[in-house]
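One structure is given below, encoded as structure tokens.
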Amino acid sequence: MSLPRISIVTPSYNQAGFLEETIRSVVEQDYPNLEYVVIDGGSSDGSVEIIKQYESKIAYWESAPDDGHGHAINKGFAKTSGEIMAWINSDDKYTPWAFQVVADVFSKFPHVNWVVGFNGYWNSQGAMINAFRHPKNIYDLLVGNEGWIQQESVFWRRSLWETAGGSINQDFRLMVDGELWTRFFLHDELYALDCVLGGYRIHTENRAIHNHNECLREMEVAIAAMREKCPEQTLRIAKKLRRLKSAKKTWGMRHFPMQYLVSKYVWPDLYRTLRYKNLVFRDGEWREGTLPWSI
């Protein structure tokens, strides 16, 4: 079986301190059907010289002023054709096995359209310091469950990208990934893949950390727009969940078993609907299953 083409975009601006590690995490996987694009925003810190060192392994790159993060990603994806898509920012990294695992999973499960690996976190020196499973579905967003879907660990099919609009929303300055996920959720469920595919680098200049409140505001806007397009059945389930969440807050954690019984036996349709889609490696192959949802 031929391996699917994987298209990766790296948007970058003045990240010379981390950029080479990011590029190497892509090209050194030696994935035979890789299409890698780097869009630099006109850096003046030596980034271009770094990119040139690897241009033989890069399908396309440019260095020119752009209109922001979303615009750079859109420019990059416009140069790609791969069946599987993702982007990695120029201070983050993939794990060495990421592309092969993603190719295996998408090849084996043609109905799976987007996946997220474990949330991974690199320190400023490039060492992975934490990783944990963090599944999410549309109901998490609708009821306000905390925690975002880690963009560095998400891969999707081009067919889903095109169905969801085929572009990044450039009206968003920071949460361009979160806004894209809200559109993906309107069309398909996210599969939690039990593997560390990549990670977010924690350092002193992280935009999301320095602009946390703006990130929250942008996500509120994106989720509100998603809610306007949700099917009525989805909204009815979300209303039930908000009631359960309120009850949990009122009762306290010691009453959680009662909440579980209510969701499983009083609203069995809700219990079945909520379980996260999961892909786990067991007995020598990737297998499909589910994980419990909790408030």
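Following this note's numbering, the numbering of the sequence shown begins with 150 at its first residue and continues without gaps.
The C-beta atom is built at its ideal place from N, Cα and C for all residues, glycine as well.
Using a 10 Å radius around the Cβ and a threshold of 16 neighbouring Cβ atoms, would you call residue i buried or exposed?
i, result
"R431", "exposed"
"L168", "buried"
"T353", "exposed"
"A235", "buried"
"V412", "A small correction: the amino acid at residue 412 is Ser; Val does not occupy that position in the sequence shown. Under this definition S412 is a buried residue."
"A373", "exposed"
"V261", "buried"
"D216", "exposed"
For residue i, which residues in the same chain have their Cβ closer than 8 Å to its Cβ, ignoring the five residues on either side in sequence?
i, result
"P380", "none"
"V292", "A387, L390, R391, K394 and I444"
"H359", "none"
If you follow the alpha helix (DSSP H) that residue i is in, where does it begin and where does it stop?
i, result
"Y288", "I287 to V292"
"S174", "A165 to V176"
"F333", "V325 to F334"
"V370", "H361 to K378"
"G225", "H218 to F226"
"S420", "Note on identity: in this sequence residue 420 is Tyr, with Ser being the wrong assignment. Where Y420 is concerned, the enclosing alpha helix (DSSP H) stretches over P417 to L423."
"S302", "Counting along the chain, S302 falls outside any alpha helix (DSSP H), and DSSP gives it neither H nor E."
"W400", "E381 to W400"
"D253", "A247 to K257"
Distance, Cα to Cα, residue i vs residue j?
i, j, result
"H218", "N355", "14 Å"
"R366", "D253", "37 Å"
"K257", "G401", "43 Å"
"V415", "W442", "16 Å"
"D240", "W271", "10 Å"
"L440", "K398", "23 Å"
In terms of residues, what are the limits of the beta strand (DSSP E) holding residue i?
i, result
"I444", "No beta strand (DSSP E) holds I444; DSSP gives it neither H nor E."
"K463", "Outside the displayed span of the chain (150 to 444) sits residue 463, for which this structure offers no information."
Leaving aside the five residues before and after residue i along the sequence, list all residues of the same chain whose C-beta is less than 6 Å from its C-beta, in chain order.
i, result
"K228", "V186 and Y209"
Sorted by chain position, which residues of the same chain lie with C-beta nearer than 7 Å to residue i's C-beta, five sequence neighbours on each side aside?
i, result
"E232", "P153, R154, R306 and R307"
"I237", "I157, T159, T171, V175, Y243, E301 and G347"
"V345", "T244, G266, F267, G269 and A280"
| Given 8 Å, three or more beta-carbon pairs between the region 154–173 and the region 222–242 | yes
| said: Counting beta carbon pairs with one atom in the region 188–203 and one in the region 281–298, are three or more of them shorter than 8 Å? | reply: no
| Inter-stretch contact at 8 Å, needing at least 3 Cβ pairs: the region 273–280 / the region 323–341 | no
| Are at least three pairs of beta-carbons, each pair with one atom in the region 341–348 and one in the region 416–427, less than 8 Å apart? | yes
| Quick check: the region 233–252 against the region 172–187, are there 3 or more CB pairs under 8 Å? | yes
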